[in-house]
Amino acid sequence: DAMVIQNPRYQVTQFGKPVTLSCSQTLNHNVMYWYQQKSSQAPKLLFHYYDKDFNNEADTPDNFQSRRPNTSFCFLDIRSPGLGDAAMYLCATSRDLGRDIYEQYFGPGTRLTVT
Amino acid sequence: RKEVEQDPGPFNVPEGATVAFNCTYSNSASQSFFWYRQDCRKEPKLLMSVYSSGNEDGRFTAQLNRASQYISLLIRDSKLSDSATYLCVVDGANNLFFGTGTRLTVIP
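Here is the structure:
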């Protein structure tokens, strides 16, 4: 049974056309993350929510926004996609296990193509 | 200096071989360490968590050396299905720092 679900799995958008990627989880984890991963690179954290608290990474472009309307759902909005934004976008969840331990569980990812 | 550094490989080993990967991290305050496995065009999947000096799960053994700030992953009796990229991951308070991964190919 899927625990972290991402839709769509593949998304094609045009240069400059806004796009929204979605993530849902059945784990009831309080932390949700969005990563960008390009070929042969490590996942790069864009931002995360700790409960309702939004935490943006310093180097995440303003072009990327996120919403978390409830515990289960989190959205990634790319306001004006550029060719350089083509990548795999991974959603992950975790819960606080104490002692600053956060095991993260990833969704299958959405592969974004920008034409 | 990167938070987490790994040898990118590739490591090409015959079936049945033992292979070890090393990973170094820069933050001496890190408490949690993980190895993730990532298959081509798939998401990372948690392989092992390391909280104390090490962890063992079947053919997989992870060891942590806090003094030298490195983590290792040992795979014994390699299977073809072990072919993947192995990501070393270290906590950074509410988020994780990923290494770029070590590519392993097990050859028949």
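In the order they appear, the protein sequences are chains A and B.
In the working numbering, each number is its position in the first sequence, counted from 1, plus 565.
In the working numbering, each number is its position in the second sequence, counted from 1, plus 957.
Virtual Cβ for every residue (Gly too), placed ideally from N, Cα, C.
T1062/B places its beta carbon 8 angstroms or farther from that of P965/B. In the DSSP secondary-structure assignment, E962/B is bridged to T981/B.
Distances from the alpha-carbon of A1041/B to those of L1003/B, A1024/B, S1010/B put L1003/B closest. Proximity of A607/A to chain B, defined by a Cβ-Cβ separation below 8 angstroms, is satisfied. Rounded to whole angstroms, the Cβ separation of E960/B and Y993/B is 15 angstroms, and the two are not in contact under 8 angstroms. DSSP places G1011/B inside the beta strand (DSSP E), whose first and last residues are 1011 to 1014. Per DSSP, the beta-bridge partners of H613/A are Y598/A, N620/A. For L648/A, no Cβ of chain B is located within less than 8 angstroms of the residue's own Cβ. Proximity of L610/A to chain B, defined by a Cβ-Cβ separation below 8 angstroms, is satisfied. When the five nearest sequence neighbours on each side are left out, the beta carbons in the same chain lying within less than 8 angstroms of the beta carbon of A1019/B are those of F990, W992, M1005, V1007, G1011, N1012, E1013, I1028, S1029, L1030, L1031, in order along the chain. For the 8 angstroms CB-CB criterion, H594/A and S645/A do not form a contact.
Cβ neighbours of Q602/A within its own chain (closer than 8 angstroms, five residues either side excluded): P608, K609, A652, M653, Y654, L655, G674.
A Cβ-Cβ distance of about 21 angstroms is found for the pair M568/A and T585/A, leaving them out of contact under the 8 angstroms criterion. For F968/B, the enclosing beta strand (DSSP E) has its first and last residue at 968 to 971.
The residue from L1037/B, D1048/B, V1046/B, L1044/B with its alpha-carbon nearest to that of I1064/B is L1037/B. Residue range 584 to 590 is occupied by the beta strand (DSSP E) that includes T585/A.
Straight-line measurement puts the Cα of G581/A at about 12 angstroms from the Cα of G649/A. Counted as a single uninterrupted DSSP element, the beta strand (DSSP E) harbouring T1042/B occupies residues 1041 to 1048.
A657/A places its beta carbon less than 8 angstroms from that of Y600/A. A straight line joining the alpha-carbon of P971/B with that of S631/A spans about 45 angstroms.
Each residue's CA atom was taken as its position, placing L662/A and S987/B some 15 angstroms apart.
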